[in-house]
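The next block holds one structure in the form of C-alpha cells; read it before the comments.
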Amino acid sequence: ITVDRVYTGYMQMVKEARILDTDGVTVIEEFTTGTPTGDPEEGGLTERAKPGQFIEYRITYTNISEPLVGAGNVILDANNFTITEDGEQAPNNWVTVTTHEQGTEPSQGTVEYFNKTLSFGNSDPASGEEVTKYVNEVGTVAPGDNGSFVFRRKVD
765 ITVDRVYTGY MQMVKEARIL DTDGVTVIEE FTTGTPTGDP EEGGLTERAK PGQFIEYRIT
825 YTNISEPLVG AGNVILDANN FTITEDGEQA PNNWVTVTTH EQGTEPSQGT VEYFNKTLSF
885 GNSDPASGEE VTKYVNEVGT VAPGDNGSFV FRRKVD
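Using our numbering, you'd call the opening residue of the sequence shown number 765 and step up by one each time.
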C-alpha cells in the first residue's frame with residue numbers, strides 16, 4: 765500500500781513576552797502569549813510596561829515531524845528556517861514604544877539586525893540603537909529538534 769500525502773505545517777512556533785523591572789532581572793509579569801489582559805482596561809503588554817522596564821520576547825520553535833522510521837519514508841527537515849520579527853508590521857507594535865537592548869540570544873544560527881531596510885549586520889548593536897527588525901537565520905531544523913530566539917526591548 766502506498767499513501768502519498770502532502771505534509772504541511774510541521775514547524776510549530778510560539779511567541780511569548782514578559783515584563784522585567786528596570787534591573788533587567790526581576791520579573792514583573794511572566795511569559796504570556798498573544799495580547800494578555802486580565803482586565804480590558806489594562807491594555808496589551810506594551811501598554812502595561814512602564815518606562816525603564818524591559819519587555820523580553822521569546823519565540824520557540826519545534827519541528828513536530830517524526831524522525832525517519834521504516835523504509836520509503838521521507839525525513840521532514842525544515843531547511844533554511846528563518847524567523848523574521850518586524851516591529852513595524854501589524855500586529856507588532858513594540859518598535860513604537862521601545863528601543864533595542866543588547867543581549868539577543870538565538871539558540872541556533874545567526875541574527876541580522878535592521879533599522880527599516882538598513883542592515884547593522886550580524887553583530888548585536890549597542891543598547892538604545894533603533895533596531896526595527898530581527899532576522900534569525902536558523903538553518904536546518906531536524907525532526908524533533910527545537911530552539912528559541914530571545915530578544916529584549918527597553919520601554920521608552
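By construction, the Cβ of each residue, glycine as well, lies at the ideal position given by its N, Cα and C atoms.
Quick check on DSSP: helix, strand or coil for Thr862? strand
Run through the segment 830 to 893 for me and flag every whole beta strand (DSSP E) of 3 or more residues, listed as ranges in chain order. 842 to 850, 862 to 870, 874 to 879, 882 to 885
Could you give the C-beta distance for Arg782 and Val791, rounded to a whole number, given that I count them as a contact under 8 Å? 6 Å
If distances are taken between C-alpha atoms only, which option among Thr862, Val838, Ala835, Thr824 comes closest to Phe845? Thr824
Return the CA-CA distance between Lys897 and Val875, expressed in angstroms with no decimal places. 10 Å
Excluding five sequence neighbours on each side, which residues of the same chain lie with their C-beta closer than 6 Å to the C-beta of Glu849? Tyr898
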